[in-house]
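*Asks:*
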Amino acid sequence: MIEIENLIKVYRRGEIEVIAIRDVSLKIEEGEMVMLLGPSGSGKTTFLHLLGGIDRPTAGKVVINGKNIAMLGDKELTDYRRRDVGMVFQFFNLVPTLNALENVMLPMQFISVPKREQKERAIELLKMVGMEKRAKHYPDEMSGGEQQRVAIAVALANDPPILLADEPTGELDTETGLEIIKMFKKLQESGKTIIIATHDLRLAEYATKILRIEDGKIAESKSIGEISKLGHSENVK
Ligand SMILES: Nc1ncnc2c1ncn2[C@@H]1O[C@H](COP(=O)(O)OP(=O)(O)OP(=O)(O)O)[C@@H](O)[C@H]1O
Ligand SMILES: [Mg+2]
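For reference, each letter of the sequence shown is one residue, going 1 to 237 in our numbering.
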């Protein structure tokens, strides 16, 4: 379970202060598929970075299975990032000089998985995302949707219980985006906890929980109907 308590993130650049997350408290159960919906600049990426241990909160707690990751030392936090969470980004984030197979093997290298095992597992993961035939291909030889599928395999390399995705369909056409979301749904059904930030209201129907973020404040939305209304007023603004 993920328990967030009074989470605050303030960015300071000289005189200017931006409050990106304002006193957020919420719980996410194991095995949920959470959609984090909100306009540009509302704090989605910041929130995911705090959950993923990429950034540290200014105040508050991020308790994951009883452990407050805000209190971890640098070494423990690195370990958390490598083993406990997988991250999928908008721009696919593959290493351009490595082929698909090597990209998927890389996170396993960081935690010293034996080479043979790295390869076996990477092949298995590429099969799972339907990319085994492209194992030897480099990122620039694949389409956006294909790169994103490989990026999901990379995020799953060390079998983390939590997957975080930051607008994973933002660069994809509607149909390819939907395929990626269905892939996340299958992973959720296999027991992973998934949190996806998106602008795309159509993805909300796949969620077990919908969170609306606006100006750093997060509220839970009960239904897609409620979301559609909010989405509409947002478009009108
Ligand atoms: N490193 C930083 N330094 C200063 N301000 C920042 C920094 N990163 C983000 N911000 C600010 O924090 C707020 C939230 O940004 P964030 O990137 O989390 O929004 P977002 O919801 O992901 O937006 P988008 O949909 O455009 O990706 C914004 O006002 C942004 O300008
Ligand atoms: Mg963002």
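Cβ atoms here follow ideal geometry from the backbone N, Cα and C, with glycine treated the same way.
Would you kindly work out how many angstroms separate the C-alpha atoms of Gly130 and Gly60, rounded to a whole number?
*Replies:* Position 130 of the sequence shown, counted from the start, is the residue given in the question as residue 130. Position 60 of the sequence shown, counted from the start, is the residue given in the question as residue 60. Per the coordinates, the alpha-carbon of Gly130 lies some 40 Å from the alpha-carbon of Gly60.
*Asks:* Confirm the yes/no value for this check: CB of Lys44, any heavy atom of ligand 2, distance under 7 Å.
*Replies:* By 1-based counting over the sequence shown, the position of residue 44 is 44. At least one heavy atom of ligand 2 is nearer than 7 Å to the Cβ of Lys44, so yes.
*Asks:* If you draw a straight line from the alpha carbon of Ser221 to that of Leu163, how long is it in whole angstroms?
*Replies:* Residue mapping note: residue 221 aligns to position 221 of the sequence shown, counting from 1. Residue mapping note: residue 163 aligns to position 163 of the sequence shown, counting from 1. Going from the Cα of Ser221 to the Cα of Leu163 covers about 21 Å.
*Asks:* Please classify Pro168 as buried or exposed, where buried requires at least 16 other C-beta atoms within 10 Å of its C-beta.
*Replies:* Translated into positions along the sequence shown, residue 168 becomes position 168. Buried is the call here.
*Asks:* How would you write the range of the beta strand (DSSP E) that Leu163 sits in, first residue to last?
*Replies:* As a first step, residue 163 must be located in the sequence shown, where it is residue number 163. Looking at the DSSP string, the run of the beta strand (DSSP E) that includes Leu163 is Ile162 to Asp166.
*Asks:* In this structure, how does DSSP classify Asp79 when only helix, strand and coil are distinguished?
*Replies:* Here residue 79 refers to the residue found at position 79 of the sequence shown. Asp79: helix per DSSP, three-state reduction.
*Asks:* Thinking Ala165 and Ile196 are a contact (beta carbons under 8 Å), I'd like their distance in whole angstroms, please.
*Replies:* Sequence index remark: in the sequence shown, residue 165 carries index 165 (1-based). Sequence index remark: in the sequence shown, residue 196 carries index 196 (1-based). 4 Å between Cβ atoms; contact.
*Asks:* If you drop the 5 nearest sequence neighbours on each side, which residues of the same chain put their C-beta closer than 7 Å to that of Ala207?
*Replies:* Translated into positions along the sequence shown, residue 207 becomes position 207. These residues qualify, in order along the chain: Met33, Val34 and Met35.
*Asks:* Who are the Cβ neighbours of Ile2 in its own chain at under 6 Å, not counting the five residues just before and after it?
*Replies:* Mapped onto the sequence shown, residue 2 falls at position 2. Only Ile28 and Ile64 meet the Cβ criterion.
*Asks:* Keeping to the same chain, check which residues put their C-beta closer than 8 Å to that of Gln109; ignore five residues upstream and five downstream.
*Replies:* Taking the sequence shown and counting its residues from 1, the one referred to as residue 109 is at position 109. Answer for Gln109: Gln118, listed in chain order.
*Asks:* What do you reckon, is the C-beta of Asp166 under 7 Å from a heavy atom of ligand 2?
*Replies:* Here residue 166 is taken as the residue at index 166 of the sequence shown, counted from 1. Yes, ligand 2 has a heavy atom inside 7 Å of this Cβ.
*Asks:* Quick check: what's the CA-CA separation for Val236 versus Arg202?
*Replies:* Taking the first residue of the sequence shown as 1, we reach residue 236 at position 236. Taking the first residue of the sequence shown as 1, we reach residue 202 at position 202. Unreliable positioning characterises Val236 in this predicted model, as indicated by a pLDDT of 33, which lies under 50. A coordinate reading is not provided.
*Asks:* Nearer than 7 Å: is that true of the beta carbon of Ser40 relative to any heavy atom of ligand 1?
*Replies:* Start at 1 with the first residue of the sequence shown, and residue 40 comes out as number 40. For ligand 1, at least one heavy atom lies less than 7 Å from the Cβ of Ser40.
*Asks:* In chain order, what residues of the same chain have a beta carbon less than 6 Å from the beta carbon of Gly177, not counting five sequence neighbours either side?
*Replies:* The count along the sequence shown starts at 1 and reaches residue 177 at position 177. So the qualifying residues of the chain are Thr169.
*Asks:* Report, in whole angstroms, the separation of the C-beta atoms of Gly144 and Glu171, which I expect to be a contact under 8 Å.
*Replies:* Here residue 144 is taken as the residue at index 144 of the sequence shown, counted from 1. Here residue 171 is taken as the residue at index 171 of the sequence shown, counted from 1. 5 Å between Cβ atoms; contact.
*Asks:* Is Val10 near ligand 1, with its Cβ less than 7 Å from a heavy atom?
*Replies:* The count along the sequence shown starts at 1 and reaches residue 10 at position 10. Every heavy atom of ligand 1 is 7 Å or more from the Cβ of Val10, so no.
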